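Numbering (the numbering used here), first residue to last: 21 to 148.
Note that the Cβ used here is the ideal one computed from N, Cα and C, for glycine as well.
Nothing here was measured: the structure is a model prediction, and the numbers come from that model.
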């Protein structure tokens with residue numbers, strides 16, 4: 021449990037995976053699903069979509085508290101600014117929690133974001 025927590029923490033803090041889609045793929049089941057407040061995606065579509073949707077160099081995510089892991093799940097809270105990959109790179113700010121459910125083999129089988137704000141509230145924070 022400590023090992024997977026450390027890997028997720030490294031992906032988040034050092035790798036900024038919520039802003040660029042780059043994560044340690046070996047800890048995820050290839051059939052895992054990724055759900056945010058808008059839709060559900062496969063692993064490949066989430067990785068590719070996140071890389072295309074945001075400007076990683078202008079986005080940033082902070083870990084709030086610590087990454088907690090047990091046999092059932094890995095959880096953490098985040099505070100992030102996301103720059104969209106459209107002209108002028110508008111940025112939105114949001115906070116929330118991610119729950120990574122684990123299968124019997126210990127791999128992550130689902131990723132789900134729970135935002136503290138509604139989609140409308142998040143979009144209303146857009147700044148250029």
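Alpha helix (DSSP H) runs wholly inside the region 65-131, at least 4 long, in chain order = none
inquiry  = Can you confirm whether the region 79-96 touches the region 48-61 when touching is taken to mean that 3 or more C-beta pairs between the two stretches lie within less than 8 Å?
reply    = no
ask   = Straight-line CA distance for residue 67 to residue 123?
value = 20 Å
message = Can you tell me where the beta strand (DSSP E) holding residue 205 begins and where it ends?
response = This structure cannot settle anything about residue 205, because the visible part of the chain is limited to 21 through 148.
DSSP beta-bridge partners of residue 22 = Answer is none; residue 22 lacks a bridge partner.
query = Cα separation between residue 32 and residue 118?
reply = 11 Å
key: Beta-carbon gap between residue 65 and residue 92 smaller than 9 Å   = no
inquiry  = Within a Cβ cutoff of 6 Å, which residues of the same chain sit near residue 89, ignoring the five residues on either side of it in sequence?
reply    = 21, 24 and 25
message = Starting from residue 44, trace the alpha helix (DSSP H) in both directions and tell me its first and last residue.
response = Here residue 44 belongs to no alpha helix (DSSP H), and DSSP marks it neither H nor E.
request  = State yes or no: is the C-beta of residue 139 nearer than 8 Å to some heavy atom of the ligand FAD?
outcome  = Absence of the ligand FAD from the depicted structure is noted, as is the absence of any ligand whatsoever, leaving it without description.
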